[in-house]
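In what follows, a structure is listed as structure tokens, so that the remarks can point back to it.
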Amino acid sequence: MNLALLRQVWRESRLLMLGCSVALFAFCWVRVWIVGRIDMSRFQGILEILKPEFENFSAVDFEQALTYPGRVAFTFTEPMVILLIVVWSIARGSDTVSGPLGKGTMEMMLSQPVSRFQYLMSKNLMTLLGTMVIAASGYAGLACGIETTTVKRENQPIKMQIPLIKIEVEVPFTRDANAPKRVPLADFVDKGDLFPSALNLFGLGIFFGGFTTLMSSWDQYRWRTIAIAAAFLIIQLMLRVLSLSLEDMPWLRYTTIFSLYEPEVLVSYAVNTKDGAWSFLFQTSQEEWKLGGLAYLTSLGGGGLAGFAGATWIFCRRDLPAPV
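If you count the sequence shown from 1, position 6 lands on 5 in numbering that gives the first Met the number 0, and the numbers rise without skipping.
Structure follows, in structure tokens:
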């Protein structure tokens, strides 16, 4: 592949990649810090009243959402996180074909000793690289937040050691004044349990990058490509909300790709069943099978790669319009 072409694509996209990566890193770090500052024991009674409503709009159990791993996992479902990865994917995907055609620079580029396949491949590789960097930045922000955040510890009872057998037991209705009031969040959350969720975010970015590139490959105007991708995103989000809230229409979950983006579920699998986070299918009971973490990643990533392949096929065979 032409190295000069790769350098040019890098210069065009590096600022957006850097901005999205830094913003996601900082947001995830602050989000974890906020988790450590909120004492959920004070709100648990109120939240239990809203338990039925909560479970209607959540893919995990209410009890899992109250744990520290569950609360940290919801970082990946924040609109800001989804927005940053999708902004990168749509921005780069729309700049592959329809962007240069709209600016009138496509003919000048292809007049150089560069094939259409090489040109589009360099764009696609940069889209994939940026998606990986942004997703890794989000995971790094969570990891740094977990290592640097402390949480309030509930009153610890005094422990006494039984003579002879040397077993410590807690004395009820007592309070140990020497016990630390705040402890590291890392004592409750394992950073490795969040890695499947970061891969899920990476897969979401690949999917939207491939979809937008596919739309761009046959279009002439970048604004229209962005509008199509944005409308698709909004429709998919609406279908996701409806699939969670309407129990009598379970088939709706098969109409949205966000049914394959459930980072909080993957953290629940990693905490409770290690096999679930790193398998395609796993058995939860004698008759029930569920998708594992690898199924989420391969479905989203495979859909995105199919979009890149389709875009390459279309672009290498279409007639390019003359610049206006």
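Yeah, the Cβ is synthetic: ideal placement off N, Cα and C, and Gly gets one too.
Relative to the C-alpha of residue i, which residue among the options is closest?
| i | options | result |
| --- | --- | --- |
| residue 315 | 260, 142 and 217 | 217 |
| residue 321 | 75, 100, 88 and 221 | 100 |
| residue 324 | 10, 70 and 59 | Outside the shown range of the chain, which is 0 to 323, sits residue 324, and nothing can be said about it. |
| residue 268 | 248, 290 and 247 | 290 |
| residue 65 | 38, 192, 76 and 226 | 38 |
| residue 76 | 266, 9 and 288 | 266 |
| residue 128 | 13, 182, 186 and 244 | 13 |
| residue 196 | 252, 264 and 146 | 264 |
Rounded to whole angstroms, what's the CA-CA distance from residue i to residue j? Just pull it up for me.
| i | j | result |
| --- | --- | --- |
| residue 24 | residue 143 | 9 Å |
| residue 115 | residue 202 | 26 Å |
| residue 230 | residue 223 | 10 Å |
| residue 74 | residue 257 | 16 Å |
| residue 11 | residue 89 | 15 Å |
| residue 29 | residue 233 | 26 Å |
| residue 213 | residue 306 | 5 Å |
| residue 95 | residue 301 | 20 Å |
| residue 194 | residue 27 | 14 Å |
| residue 131 | residue 262 | 16 Å |
| residue 59 | residue 151 | 25 Å |
| residue 189 | residue 313 | 45 Å |
| residue 105 | residue 148 | 50 Å |
| residue 227 | residue 211 | 8 Å |
| residue 309 | residue 215 | 11 Å |
| residue 68 | residue 184 | 10 Å |
| residue 110 | residue 140 | 43 Å |
| residue 271 | residue 103 | 55 Å |
| residue 22 | residue 187 | 26 Å |
| residue 318 | residue 107 | 15 Å |
| residue 17 | residue 244 | 37 Å |
By Cβ distance below 7 Å, which residues in the same chain neighbour residue i in space, the five residues on each side in sequence not counted?
| i | result |
| --- | --- |
| residue 255 | 235, 238, 239 and 242 |
| residue 15 | 87 and 90 |
| residue 209 | 302, 303, 304, 305, 306 and 307 |
| residue 8 | 121, 122 and 125 |
| residue 293 | 277, 278 and 279 |
| residue 225 | 89 and 93 |
| residue 181 | 149, 150, 151 and 152 |
| residue 219 | 97, 100, 101 and 320 |
Cutting at 6 Å between CB atoms, please list the residues of its own chain near residue i, excluding the five before and the five after it.
| i | result |
| --- | --- |
| residue 295 | 199 and 259 |
| residue 19 | 83, 87 and 133 |
| residue 221 | 93, 97, 98 and 101 |
| residue 311 | 119 |
By the three-class DSSP mapping on this structure, what secondary structure does residue i have?
| i | result |
| --- | --- |
| residue 112 | coil |
| residue 277 | coil |
| residue 319 | coil |
| residue 290 | strand |
| residue 149 | strand |
Could you round the C-beta distance between residue i and residue j to whole angstroms and report it? I think they count as a contact, below 8 Å.
| i | j | result |
| --- | --- | --- |
| residue 137 | residue 80 | 6 Å |
| residue 4 | residue 117 | 7 Å |
Excluding the five sequence neighbours on either side, which residues of its own chain have a C-beta within less than 8 Å of the C-beta of residue i, listed in chain order?
| i | result |
| --- | --- |
| residue 299 | 199, 202, 203, 205, 206, 256, 259 and 260 |
| residue 191 | 269 |
| residue 249 | 242 |
| residue 85 | 203, 204, 207 and 232 |
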